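A.B. asks:
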Amino acid sequence: MLLQTTDLTIRFGGLAAVKGVNLRVHRGEILGLIGPNGAGKTTLFNLLTGFLKPSSGTIHFEGEEITGWAPSKIAAVGICRTFQLTSVFPALSVWENVRTATYVWTRHRLLGGIRGRAAPVEDSVVEEETNRILAFSGLDANRDSLARNLSYGDQRRLGIAIALAARSRVLLLDEPAAGMNPEEKRGLMQTINDIRSQGVTVVLIEHHMKLVMGVCHRVVVLAQGKVIAEGSPAEVSRNPHVIEAYLGQEVEIA
Amino acid sequence: MWVLALQQVANGLVVGSMYALMSIGMMLILGIMSVINMSHGEFYMLGGMICFTLMEKLGMNYFVALPVTALAVALIGLAAQQVTIRPLDRRPWFTTFLTTFGLSMILRDVAQIIWGADPLELSSPLARKKVVLGDIFLTQQRIFILLSGVTIIGLLYLFIRKNRVGMAMRALVRDRDAAAMMGINTAAINRLTFALGAATAAFAGALLGALFNVYPTMGELPLVKAFAVVIMGGMGNVQGILFSGLILGVAESLAASFISLGYADAISFAILIGVLLFKPQGLFGKKA
Amino acid sequence: MKASRAIGWILLIGAAALLPILFKGAYVHHVLVMCLIFGFSALGLNLIFGFAGQAAFGLPAFFALGGYISALLSIRLGLPFWVALPSTMVIAAMFGFLIGYPCLHLRGIYFGITTMAFAQILYYIASNWISLTRGPMGLVGVPVPRIHLGSFDYEFETGFKYYYLVLAAIVVTVWLFSRLMKTPLGRAFVAIRENEDLASSIGIHPFWIKMIAFMLACTITAIGGSFYAHFSRFMSPNEFQWYYIGLTFIMVITGGMGTVMGPVIGAVIFTVLPEVFRAIEQYRNILTGTLLILVVIFFPEGIMGLVNRRLERKKAVSSQPPGRGGEVDPV
Ligand SMILES: Nc1ncnc2c1ncn2[C@@H]1O[C@H](COP(=O)(O)OP(=O)(O)OP(=O)(O)O)[C@@H](O)[C@H]1O
Ligand SMILES: [Mg+2]
């Protein structure tokens with residue numbers, strides 16, 4: 000078990016946006032997280048990455064309890080995410096965006112000497128890694144464009160590249176296909192598979208069902224803050240609770 | 000000792016009602032337009048100055064001069080809003096902070112050129128008439144200030160709560176874009192809000208000016224005090240602001256006579272810092 | 000590219016070094032020194048505001064604070080300038096920590112206003128703690144920097160000599176500053192400005208990184224104050240005036256927020272301009288205020304921002320395959 004929550008709950012005033020969620024993420028899988036609007040998916044990501052503190056319940060990563068850690072500390076152990084809205088540094092070039100995201104494993108250059116941390120990382124190593132990630136994400140051609148000038152789809156890809164540059168081991172993607180055209184969506188599916196084959200575990204929030212069904216090994220369905228179903232994509236899409244939860248929502252179920 | 004304290008509380012309430020009045024103007028501008036009006040203190044100063052001119056140069060009666068002053072400053076505020084705020088729609092929040100800051104520098108020096116740097120005496124006909132209430136006494140001017148402060152605040156409260164325009168204002172506080180979609184003329188509301196805000200400051204300046212004299216830099220401290228009161232009272236909460244203004248007035252007045260005159264003005268800064276540190280969101284009801 | 004950059008820097012420093020020789024006279028030298036001294040204020044504000052994106056309205060007060068600390072250390076404790084300056088830097092950083100710790104828990108407007116409230120409290124202390132600061136009378140007789148080794152005795156008592164002292168200091172500061180901005184720490188500042196949540200999601204701790212930026216900004220600003228105190232030989236609470244807040248912001252914005260050299264250029268412009276308009280001293284706030292409004296509305300990118308955008312555009316156009324992403328923000 001790589002990442003696990005136990006009875007995770009958060010309340011905003013009276014509303015429990017996430018209640019009693021027991022999520023299990025296995026090493027090396029692509030896990031889909033679906034559910035109608037307002038189901039609590041983003042909130043669950045915010046809990047996992049430390050942006051929100053749970054009202055009760057715990058989160059464990061590789062057996063270590065990380066409940067209540069600061070987001071930066073959680074990122075440093077390898078849980079990285081993209082954001083549903085802006086997941087880039089708008090006024091920086093694409094290259095600078097990725098380069099900046101290498102912070103976690105390069106920061107010791109300044110303070111490391113004083114604190115006796117890991118050996119300094121050579122500039123050339125960092126630049127090589129930056130270039131590799133840019134090429135991998137297909138953003139090579141746009142390396143000098145400012146992030147805010149990218150198309151919507153490219154901004155999403157840059158968001159993923161940033162998370163990769165931070166050496167994520169679990170990658171939490173919040174609606175990465177939003178605003179993408181069909182061709183870009185196919186490219187995204189390929190990218191997600193490639194990321195997994197590099198040994199990164201992926202958790203994917205997505206409304207676009209074709210993508211979820213095509214790429215996920217397992218799917219967890221959230222509605223009104225609770226897990227209502229869990230299983231293979233095929234099982235889940237047949238589950239009557241799931242169909243009921245989606246009733247009245249215009250969602251394309253494959 | 001007790002008599003002195005009581006006297007200071009009474010004086011503090013008078014001044015505090017004016018802090019509350021101008022703070023409501025500042026709160027409306029911040030809440031509706033998301034602008035920190037750094038020239039609020041200068042509108043306060045202009046209130047005192049213009050009232051002085053109306054009375055001394057045009058021989059106007061104080062009670063006529065008061066509303067005329069407020070109207071004049073509202074118009075100045077309207078013009079100022081067009082120049083320093085309207086062009087910055089959708090730009091980061093600190094831009095209007097800086098332009099209204101620039102405006103405050105301009106207004107202060109313009110006032111100095113027109114009226115000179117020395118304090119001028121704004122003589123209200125009520126200034127020398129004393130009223131004795133038990134052990135303490137107040138001038139009629141002070142009583143007039145307190146009563147008109149509370150009255151105007153009450154009227155503002157009713158306006159915001161009951162009037163159609165006031166409701167539109169409140170809709171803007173909740174969600175600008177939604178309000179615009181509902182057909183509310185947000186630009187007109189912005190103009191009205193800023194003019195109204197400027198007028199509250201002018202009123203306070205013309206009323207308090209009769210106690211403390213008027214001079215070009217008189218607005219510097221009231222600005223911070225108004226901001227401290229807004230933060231204490233909380234956004235969109237007229238009663239909260241009224242109480243906070245009165246509390247600040249009393250606290251300062253007591254500090255001035257029991258601690259030290261030099262540090263009395265520092266109280267508002269200390270309150271400002273304290274509240275922001277210990278209850279920032281709680282008192283605002285709106286995320287920073 | 001690298002070599003041409005280095006040559007550019009050397010030419011710039013050379014030109015700066017020639018200025019007092021080309022333009023003679025004590026008054027001109029005085030203005031030149033003040034340009035560099037304000038350069039430190041602008042550099043400090045630019046670090047926290049331009050790079051790290053935190054509108055620390057109270058920061059310019061650290062100029063006066065630095066001046067007071069340095070003046071007090073040399074007058075009350077008899078420390079020479081060479082000890083007073085580094086001590087001032089350390090003490091200013093400590094003040095930065097004490098003020099930054101509470102303030103940095105707040106965001107945006109509330110952070111800015113709270114720093115300003117602290118600045119005002121410093122002003123009250125300077126005006127009212129008479130036994131320490133002599134209040135509004137100010138501290139007089141701040142000693143000038145002096146090198147005294149055996150029979151060697153050299154005083155920086157003229158504007159001409161002082162200019163080179165401050166020039167050396169600002170060159171070193173700008174050089175360190177531009178190096179810092181290429182380290183992970185420097186990039187972290189910018190990341191926080193650009194998207195604070197995203198920054199924390201890649202392992203940057205916003206609070207502590209902002210704290211480092213704020214303390215550095217306080218230190219740099221205080222260096223300017225220290226140089227000022229030992230140059231004018233006088234410190235008074237006047238230096239806490241809000242006028243300097245406006246002035247420093249104009250310098251930074253006009254020069255170009257978030258560029259390395261921009262603020263220094265802005266400082267030169269807005270130190271010289273008030274001098275040019277000296278005859279109309281009583282209008283200085285009107286001028287400064289008007290310029291502040293105009294610059295914020297019409298010139299938000301500043302001089303260096305504009306220059307960089309020209310360069311960017313060339314670079315982007317030449318390295319883009321046609322039809323892809325090369326467009327530059329039209330605003
Ligand atoms: N910080 C917050 N304060 C109060 N309520 C919140 C907060 N964050 C989320 N909520 C509420 O929690 C519920 C779940 O929101 P969440 O954003 O997690 O939904 P979601 O599943 O991501 O939906 P979508 O598919 O629309 O992105 C919503 O009702 C939302 O209003
Ligand atoms: Mg969501």
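Residue numbers (numbering that gives the first Met the number 0), protein chains in the order written: chain U, 0 to 253; chain C, 0 to 287; chain G, 0 to 330.
For each residue, glycine too, the CB sits at the ideal point set by N, CA and C.
This one's a predicted model, so the numbers in the text were calculated from it and none came from an experiment.
#1: Please go through the same chain and pick out, in chain order, the residues whose beta-carbon is closer than 7 Å to the beta-carbon of C:Ile50, but skip the five residues on each side of it.
#2: Excluding sequence positions up to five away, which residues of its chain have a Cβ less than 8 Å from the Cβ of C:Phe268?
#3: So G:Gly254 and G:Met303 are supposed to be a Cβ contact under 8 Å. How far apart are they, rounded?
#4: Should U:Gln223 be listed as close to ligand 2, given that the test is whether its C-beta is under 7 Å from any heavy atom?
#5: For C:Phe262 and chain G, any beta-carbon pair shorter than 8 Å?
#6: Are G:Asn127 and C:Tyr262 closer than 8 Å when you measure CB to CB?
#7: Evaluate the contact criterion for the segment 9-25 of chain C versus the segment 246-255 of chain C: three or more CB pairs, one atom per stretch, below 8 Å.
#8: For ligand 2, enumerate in chain order all residues having a CB closer than 7 Å to any of its heavy atoms.
#9: Against G:Asn284, what residues of chain C qualify as contacts under a CB-to-CB distance less than 8 Å, listed in chain order?
#10: So with Cβ pairs under 8 Å, would you call G:Pro101 a contact of chain C?
#11: Measuring only the C-alpha atoms, how far is U:Arg114 from C:Leu260?
#12: Looking at ligand 1, does it come within less than 7 Å of U:Ala16, judged from the CB to the closest heavy atom?
#13: Do we get a CB-CB distance below 8 Å when we pair U:Tyr102 with the residues of chain G?
#14: Could you check if U:Ala228 belongs to the surroundings of ligand 1, using beta carbon to heavy atom distance under 7 Å?
#15: Mind checking the segment 63-92 of chain C against chain G and listing, in chain order, the residues whose C-beta falls within less than 9 Å of any C-beta there?
#16: Give a yes or no on whether 8 Å exceeds the smallest Cβ distance from G:Val189 to chain C.
#17: How far does the beta strand (DSSP E) with C:Ala177 in it extend, from its first residue to its last?
#18: Between G:Ala190 and ligand 1, is there a pair consisting of the residue's CB and a ligand heavy atom that are separated by less than 7 Å?
#19: Quick one: what does DSSP say U:Thr4 is sitting in, helix, strand or coil?
#20: Examine chain G for any beta-carbon lying closer than 8 Å to the beta-carbon of C:Gly244, and answer yes or no.
#21: Enumerate in chain order the residues of its own chain whose CB-to-CB distance from G:Glu156 is below 6 Å, with the five nearest sequence positions on each side excluded.
#22: Given this structure, state the Cα-to-Cα distance separating G:Ala55 from G:Gly185, to the nearest angstrom.
#23: Would you tell me roughly how many angstroms separate the C-alpha atoms of U:Ile58 and U:Thr66, rounded to the nearest one?
#24: Give me the Cβ distance between C:Ile188 and C:Leu171, rounded to the nearest whole Å; I'm assuming they're in contact under 8 Å.
#25: Does the beta-carbon distance from G:His204 to U:Ala100 come in below 8 Å?
#26: Since U:Arg23 sits in a beta bridge, which residues does DSSP pair it with?
#27: Examine chain G for any beta-carbon lying closer than 8 Å to the beta-carbon of C:Phe226, and answer yes or no.
#28: Taking the beta carbon of C:Gly15 as the centre, do at least 16 other beta carbons fall within 10 Å, making it buried, or is it exposed?
#29: Residues in its own chain within less than 6 Å of G:Ile68 by CB, not counting five upstream and five downstream?
#30: Got a sec? Which residues, its chain only, sit under 6 Å from G:Arg361 by beta carbon, not counting five neighbours each side?
#31: Could you tell me whether any Cβ in chain G is nearer than 8 Å to the Cβ of U:Leu2?
#32: I need the DSSP call for G:Asp152, collapsed to helix, strand or coil.
#33: Counting only beta-carbon separations shorter than 8 Å, does G:Asn127 have a partner in chain C?
#34: If distances are taken between C-alpha atoms only, which option among C:Ala225, C:Asn236 and C:Val237 comes closest to C:Ile270?
#35: Grouping DSSP H, G and I as helix and E and B as strand, with all else coil, what is C:Thr185?
#36: List, from N- to C-terminal side, the beta strand (DSSP E) runs of 3 residues or more that fit wholly inside the segment 109-177 of chain G.
C.D. replies: In brief:
#1: For the sequence presented, residue 50 of chain C should be read as Cys rather than Ile. Closer than 7 Å at the Cβ level, and outside the excluded window around C:Cys50, lie Ala64, Leu65, Thr68, Leu121, Ala205 and Gly208.
#2: Val223 and Ala227
#3: The pair is a contact, with the Cβ atoms about 6 Å apart (cut-off 8 Å).
#4: no
#5: Here residue 262 of chain C turns out to be Tyr, not Phe, going by the sequence shown. So yes, C:Tyr262 belongs to the interface.
#6: Taking 8 Å as the Cβ cut-off, G:Asn127 and C:Tyr262 qualify as a contacting pair.
#7: For the pair of segments examined, the segment 9-25 of chain C was found to touch the segment 246-255 of chain C: the number of CB pairs separated by less than 8 Å reaches three.
#8: This selection yields U:Lys40, U:Thr41, U:Gln83, U:Asp173, U:Glu174 and U:Ile204.
#9: Met104, Ile105, Arg107 and Asp108
#10: Closer than 8 Å to some Cβ of chain C, the Cβ of G:Pro101 qualifies, so yes.
#11: Bear in mind that a pLDDT of 49 at U:Arg114, under 50, signals an unreliable position, so the number given afterwards is only what the model happens to contain. Near 49 Å, if we compare the C-alpha coordinates of C:Leu260 and U:Arg114.
#12: yes
#13: Yes, contact with chain G.
#14: no
#15: Flagged, chain order: Val82, Thr83, Pro86, Leu87, Arg90, Pro91 and Trp92.
#16: no
#17: Run containing C:Ala177: none in the beta strand (DSSP E); it sits in the alpha helix (DSSP H), Arg175 to Met180.
#18: no
#19: Three-state result, U:Thr4: strand.
#20: Not one chain G Cβ lies under 8 Å of C:Gly244.
#21: Val143
#22: 18 Å
#23: Going by C-alpha positions, U:Ile58 is about 5 Å away from U:Thr66.
#24: Contact flag correct, Cβ pair sits at about 6 Å.
#25: no
#26: U:Gln3
#27: yes
#28: buried
#29: Hits under 6 Å: Thr87 and Ile90.
#30: What is shown of chain G runs 0 to 330, which leaves residue 361 of chain G out entirely.
#31: no
#32: Note: G:Asp152 maps to strand in three-state DSSP.
#33: Chain C contact via Cβ: present.
#34: C:Ala225
#35: helix
#36: 145-148 and 151-154
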